[in-house]
Amino acid sequence: MSLVSPRPLSNPRSPRIRINVESQIDAHELNQLFIKVGKPVQDVAKLRCALEHSLFCVTARLITGRLLIGFARTTETGCLMQRF
């Protein structure tokens with residue numbers, strides 16, 4: 387009976403990705419990501435406003451070169467805020 391070593395969970399040659407919460411995201415860089423995934427060009431001023439009014443922005447970037455490959459943001463609805 388031969389023992390077979392388990393297959394690795396990821397390919398060592400596949401790109402490495404870092405997920406971060408970022409406070410400063412370049413609206414032009416985000417617009418480029420939207421275009422790459424087939425979304426229409428966004429107004430940069432509106433993107434900046436949306437980013438400024440986000441609670442959190444989460445990015446996925448390639449470790450090598452820091453290329454932005456994913457993005458998510460959260461907003462608040464006022465439901466969880468205490469009002470005094």
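The numbering of the sequence shown is the numbering used here, which starts it at 387 and goes up by one.
Ideal Cβ positions, reconstructed from N, Cα and C, are used throughout, including at glycine.
It should be emphasised that the depicted structure is a prediction, and the values quoted were computed from it without experimental measurement.
(Q) Within a Cβ cutoff of 6 Å, which residues of the same chain sit near ASN406, ignoring the five residues on either side of it in sequence? (A) For ASN406, where only same-chain residues beyond five positions count, the Cβ hits under 6 Å are THR445.
Q. By the 10 Å Cβ neighbour count, where 16 or more other Cβ atoms means buried, how is ILE449 classified, buried or exposed?
A. Per the 10 Å Cβ criterion, exposed.
Q | Counterpart residues of ARG404 in DSSP-defined beta bridges | A | Beta-bridge pairing links ARG404 to ARG447.
(Q) Comparing C-alpha positions only, which one of ASP412, ALA458, THR463 and GLY451 sits nearest to ILE403? (A) Among ASP412, ALA458, THR463 and GLY451, the Cα nearest to that of ILE403 is on GLY451.
(Q) Using only the alpha-carbon positions, how far apart do ARG399 and VAL430 sit? (A) If I take the Cα positions, the gap works out to 35 Å.
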